[in-house]
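Q: Have a look at this one before I ask anything.
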Amino acid sequence: MPSSWIPALCLGAWLLLLLLPRLARAEGAVPIPVTCFTRGLDIRKEKADVLCPGGCSLEEFSVFGNIVYASVSSICGAAVHRGVIGTSGGPVRVYSLPGRENYSSVEANGIQSQMLSRWSASFAVTKGKSSTQEATGRAVSTAHPPSGKRLKKTPEKKTGNKDCKADIAFLIDGSFNIGQRRFNLQKNFVGKVALMLGIGTEGPHVGLVQASEHPKIEFYLKNFTSAKDVLFAIKEVGFRGGNSNTGKALKHTAQKFFTADTGVRKGIPKVVVVFIDGWPSDDIEEAGIVAREFGVNVFIVSVAKPIPEELGMVQDVAFVDKAVCRNNGFFSYHMPNWFGTTKYVKPLVQKLCTHEQMMCSKTCYNSVNIAFLIDGSSSVGDSNFRLMLEFVSNIAKTFEISDIGAKIAAVQFTYDQRTEFSFTDYNTKENVLAVLANIRYMSGGTATGDAISFTVRNVFGPIRDSPNKNFLVIVTDGQSYDDVRGPAAAAHDAGITIFSVGVAWAPLDDLKDMASKPKESHAFFTREFTGLEPIVSDVIRGICRDFLESQQ
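Mapped onto mature numbering (1 follows the signal peptide of the UniProt record, and there is no 0), the consecutive letters of the sequence shown carry residue numbers -26 to -1, 1 to 526.
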């Protein structure tokens, strides 16, 4: 929409809302009882008086826009958002309006409305005509004689297919490669897949992104939790055209689509189903790497593969193998064309619901156990000990700590050992960081070998059956009074990868003896405690590198 139109549209909307109350007084219709969930598209009149019930939960309202609302919005939710009624309900007048682009997201009166890029119809609301009817929690009868028809029951939110929990982004091809006709056939296919998935509050959630010259997120996971609403939304998506910059769109989706604010759920597999008609115009390999780093399982549905005469125009003929989560055949899917695609729906849905195959859901950020073995000997000193704790905290806060994600533990050692907290003690990042910051400095001698054995036995031992990969980060400033080679070898044999970080007088030979192979990428040294900070990123990268290699 040209930016020059925006002031005119805003002025028009305000003038309309100034006139609506006068128009409302011109008619005296008896309000029609509605439910908390009745949407604008359910009222098939240009003007209608409705009676909203009281007691509706604000969290259950689906509202898209501000002042002018998409017709998929709850009428009563829009009325509360607009300030026309309160939570006790009341009469509302509804005016049907044309569709528009870019419904904005605004918080008002306890309701956060949502953004929507485009919808075919809209409505506005004003205060309705007062009535003797009571705004109760259920629809009440009108003054009209009974027609013999039953009143509609309040629709219940469907839980969906609980055996197919996944957060899925459909990344559709909106380029000139596909064209308008095949674009519509593609939307029909996506709609059939969405319908068979069993979308619901406790089942799959889906969103849609269109790839063209520039990617556009059409709707997010949180926007719709029923198949009917998703089908409406897919139908309303318009063809954009341009180059098929699929790599750009996939990278954008991995980085921007799957966030807590947009509806992603903790512990649920993140999936992108990429539709490519022909071949992408840009590099898709890097986007695939980014998606894997973000824990996104990439499926490629290719249609009409390039024929031999067209291969010269393809940037990378192996683009499918390089973009998918794993090049094992499971994540790639081919259809010869967009005609007669119904038979391909069920096999694709079965793949999307096979959670045990979603190998890319596990990342170095959410599937590791990291124990920190911290030197508390007298040579460190209290101020430098604080710098060591800061170093540990900066590593820990990078990871997705939760009851189903990354786990953190800490042990302080001198001649003795003290478990500050174990892997099962704290399941949130905030708690872990708070406890790390308050660890008391012990002071004493240095027995690193005994400390490694203690940690393997008492910290890693209780979680030996954990599916996460185990890491031990040792931070020390001096030479150990005991042997470190034997205990470190035992830790390696137990499947624990060791990073050794030495400061000041820590011998390089000890650091290398403790570190996992290759030694040069697992052992670090700095002369000053202030030099620990640059090593943070090296350790994090090392953990992620080792994790990815272990998944191959």
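Glycine included, C-beta positions come from ideal geometry on N, C-alpha and C. If you're wondering where the values come from, they're calculated on a predicted model, not measured in any experiment.
(1) Can you tell me which of Asp16, Arg156, Asp256, Phe304 puts its alpha carbon nearest to the alpha carbon of phenylalanine 206?
(2) Is DSSP giving arginine 300 helix, strand or coil here?
(3) Tell me where the alpha helix (DSSP H) around proline 321 begins and ends.
(4) Between Pro178, Ala201, Phe213, which lies nearest to isoleucine 191 when the distance is taken from Cα to Cα?
(5) CA-CA distance, arginine 431 and alanine 468?
(6) For proline 508, which option in Arg438, Ile382, Glu364 has the closest C-alpha, if you only look at C-alpha atoms?
(7) Measure from the alpha carbon of methionine 333 to the alpha carbon of each residue in Val270, Tyr318, Glu394, Val319, then state which is nearest.
(8) Helix, strand or coil: how does DSSP classify glutamate 187 here?
(9) Of all the options Val342, Phe498, Glu502, Leu522, which has the alpha carbon lying nearest to the alpha carbon of serine 511?
(10) Could you spell out where the alpha helix (DSSP H) holding lysine 202 opens and where it closes?
(11) Give the secondary structure of alanine 468 by DSSP, where H, G and I count as helix, E and B as strand, and everything else as coil.
(12) Out of Val68, Glu75, Ala370, Val294, which has the shortest C-alpha to C-alpha gap to tyrosine 400?
(13) For leucine 195, name the three-state secondary structure that DSSP assigns.
(14) Suppose contacts are defined by Cβ-Cβ distances below 8 Å. Is phenylalanine 273 in contact with lysine 325 by that definition?
(15) Please return the same chain residues whose Cβ sits closer than 6 Å to the Cβ of tyrosine 389, not counting the five positions on each side in sequence.
(16) Kindly indicate which three-state DSSP category histidine 179 falls into: helix, strand or coil?
(17) For valine 319 versus valine 167, is the C-beta distance shorter than 8 Å?
(18) In terms of residues, what are the limits of the beta strand (DSSP E) holding glutamine 391?
(19) Do arginine 67 and glycine 102 have their beta-carbon atoms positioned less than 8 Å apart in this structure?
(20) Is the beta carbon of phenylalanine 521 less than 8 Å from the beta carbon of valine 342?
(21) Put proline 254 into one of helix, strand or coil per three-state DSSP.
(22) Could you tell me which residues DSSP pairs with histidine 308 in its beta bridges?
(23) So, for glutamine 10: in the same chain, excluding its five sequence neighbours on each side, which residues have a beta-carbon less than 6 Å away from its beta-carbon?
(24) Could you please give the first and the last residue of the uninterrupted alpha helix (DSSP H) stretch that includes asparagine 151?
(25) On the criterion of 16 or more Cβ atoms from any shown chain inside 10 Å, does isoleucine 258 qualify as buried, or is it exposed?
(26) Grouping DSSP H, G and I as helix and E and B as strand, with all else coil, what is valine 513?
(27) For lysine 371, which of helix, strand or coil comes out of DSSP?
(28) Can you name the start and end residues of the beta strand (DSSP E) that residue 535 belongs to?
(29) Any idea which residues DSSP pairs isoleucine 344 with across the strands?
(30) Cβ of alanine 185 within 8 Å of Cβ of isoleucine 142?
(31) Roughly how far, in whole angstroms, is the beta-carbon of serine 276 from the beta-carbon of histidine 308, given that I think they are within contact range, below 8 Å?
(32) From which residue to which residue does the beta strand (DSSP E) around residue 558 run?
(33) Check whether the Cβ atoms of phenylalanine 138 and cysteine 327 lie closer than 8 Å to each other.
(34) With 16 other CB atoms within 10 Å as the buried threshold, where does glutamine 154 fall?
(35) How would you call lysine 240, buried or exposed, if buried means at least 16 neighbouring beta carbons within 10 angstroms?
(36) According to the Cβ coordinates, are alanine 380 and phenylalanine 346 closer than 8 Å?
A: For this structure:
(1) Asp16
(2) coil
(3) That run of the alpha helix (DSSP H) goes 319 to 326.
(4) Phe213
(5) 10 Å
(6) Glu364
(7) Val270
(8) coil
(9) Phe498
(10) 201 to 210
(11) coil
(12) Looking at the Cα atoms, Ala370 is the closest of the given residues.
(13) coil
(14) yes
(15) Gly418, Gly419, Ala421
(16) strand
(17) Against a cut-off of 8 Å, the Cβ pair of valine 167 and valine 319 comes out as a contact.
(18) Glutamine 391 -> beta strand (DSSP E) spans 391 to 395.
(19) yes
(20) yes
(21) It is coil, neither helix nor strand.
(22) Ser276
(23) It is cysteine, not glutamine, that sits at residue 10 in the sequence shown. Excluding sequence neighbours, cysteine 10 sits near Cys30, Cys50.
(24) Looking at the DSSP string, asparagine 151 is not in any alpha helix (DSSP H), and its letter there is neither H nor E.
(25) buried
(26) helix
(27) coil
(28) With the chain covering -26 to 526 only, the question about residue 535 has no answer from this structure.
(29) Bridge partners of isoleucine 344: Ile382, Phe445.
(30) no
(31) 5 Å
(32) Because the chain in this structure spans residues -26 to 526, residue 558 falls outside the shown range and cannot be described.
(33) It is cysteine, not phenylalanine, that sits at residue 138 in the sequence shown. Taking 8 Å as the cut-off, the beta carbon of cysteine 138 is found closer than this to the beta carbon of cysteine 327.
(34) exposed
(35) exposed
(36) no
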